[in-house]
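In the working numbering, the protein residues as written are 5 to 383. Data block below; observations after.
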């Protein structure tokens, strides 16, 4: 079976969409006879759409998202139709490309995967909370068209499935839930078990924070939690990756951005996952939560907020702690202290975190299930 893989960015670029497109591409190549990249998708007309956006938002503070332009979507679909006609794949899988595939005319079966719906993004992210009415209208039209065009939606979370059903009336029978995997190299099982044993013997708790948008990802809240732990007599340290906040505290170490395409920086990130005691991201907005999956691959218990897709990425008191965003740092610190003081509970949580990654949240499992679904559907 020859699968045409549709992405807006180049799927061979490990930086594209935090490495998710690349990870999917590699996983699909392990299951399908041939994977044909149909991205990147681009056209000069996007600049015209941007200019139109400036006209629509002149004199107000509304945001205009050019990627939801109807004319641009039609142009992108025409580009794709031409590629599909030339390369003749047996089936199509689109990743986060609802606007680009909405106007496709091909008869080749189309399947879609996405880490959120537009209504969910509106609820969560500041970048989608103050949009111009035309952007909202177009986005909803394009996403509905794409979802209705697809034979099935392959989504990583029930949170997304429910939105597709409630916001677009997509039948539950048309949706399959398949967890995403980690975009970081995963250690072997024996190595993880040894890491867990070493962590239990630690005298200082090391919390790893990985996020580019410091405020949105709950950086200040993470600092507050670590401060409370230290005030309660529990030696704790926060390591910050991805952001560069100005913090003058001896219990905070700021690493900054680490590029996974740079071997030395990638090894540094892996080392931080290996040596940390907990992963922490008290985020205000999160879709799938890829960093939580990365943490799970290293058997690292995670602490995340009860927002977006986090409660499905982290199972409360099983693979980590899901905290109320409004809960006080002192109370959260007490919960962490209780867990750490019960070493058998900590070890079990670490083991369950890794087990869930090994059995469900990995790209090999994702690609295998995608193949099973497509093989049944495509004749």
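Ideal Cβ positions, reconstructed from N, Cα and C, are used throughout, including at glycine.
- Residue environment for residue 47: exposed (fewer than 16 other C-beta atoms within 10 angstroms of its C-beta).
- Across the structure, residue 12 and residue 195 are spaced so that their CA atoms are roughly 36 Å apart.
- In the DSSP assignment, residue 172 falls within the alpha helix (DSSP H) that extends over 162-172.
- About 33 Å separates the CB atoms of residue 179 and residue 212; that is not less than 8 Å, and the two are not in contact.
- At least 8 Å separates the beta-carbon of residue 93 from that of residue 34.
- Straight through space, the alpha carbons of residue 234 and residue 256 are spaced by roughly 12 Å.
- Rounded to the nearest whole angstrom, the CA to CA distance from residue 204 to residue 351 is 7 Å.
- The criterion of a C-beta distance shorter than 8 Å is satisfied by residue 84 and residue 108.
- Look at the beta carbons and you see the stretch 257-275 not touching the stretch 223-237: under three pairs across the two are nearer than 8 Å.
- Burial state of residue 59 is exposed, judged by a 10 Å Cβ sphere holding fewer than 16 other Cβ atoms.
- Per DSSP, reduced to three states, the secondary structure at residue 331 is coil, with no helix or strand assignment.
- Residue 143 is positioned such that its CB atom lies no closer than 8 Å to that of residue 106.
- Annotation for residue 214: 245, 246 and 295 place their beta carbon closer than 6 Å to its own, counting only its chain and skipping 5 residues before and after.
- Excluding sequence positions up to five before and after residue 66, its CB lies within less than 7 Å of the CB of 134, 135 and 136, all in the same chain and listed in chain order.
- Inter-residue distance for residue 293 and residue 218 is about 15 Å (C-alpha atoms, whole angstroms).
- Secondary structure at residue 29: helix, using DSSP grouped into helix, strand and coil.
- Residue pairing by DSSP places residue 9 opposite 41 and 97 in a beta bridge.
- Nearest to residue 364 by C-alpha distance, out of 298, 271 and 216, is 298.
- Rounded to the nearest whole angstrom, the C-alpha separation of residue 15 and residue 183 is 19 Å.
- Leaving aside the five residues that flank residue 379 on each side, the residues in its chain whose CB is nearer than 8 Å to its CB run, in chain order, 5.
- Judged by beta-carbon spacing, residue 128 lies within the 8 Å limit of residue 312, meaning their Cβ atoms are closer than that value.
- Around the beta-carbon of residue 185, 16 or more other beta-carbon atoms lie within 10 Å, marking it buried.
- Of the residues 229, 231, 188 and 283, the one whose Cα lies closest to the Cα of residue 28 is 188.
- Bounds of the alpha helix (DSSP H) holding residue 376 are 367-381.
- Residue 354 places its beta carbon less than 8 Å from that of residue 303.
- The beta carbon of residue 175 is closer than 7 Å to none in its chain, skipping five residues each way along the sequence.
- Residue 54 and residue 21 have their C-alpha atoms roughly 21 Å apart.
- Cβ contact annotation for residue 253 (same chain, cutoff 8 Å, sequence separation greater than five): 227 and 231, in chain order.
- It is roughly 38 Å from the alpha-carbon of residue 347 to the alpha-carbon of residue 30.
- The C-alpha of residue 342 lies about 56 Å from the C-alpha of residue 56.
- Counting only the Cα atoms, residue 37 lies some 15 Å from residue 382.
- Less than 8 Å separates the beta-carbon of residue 288 from that of residue 329.
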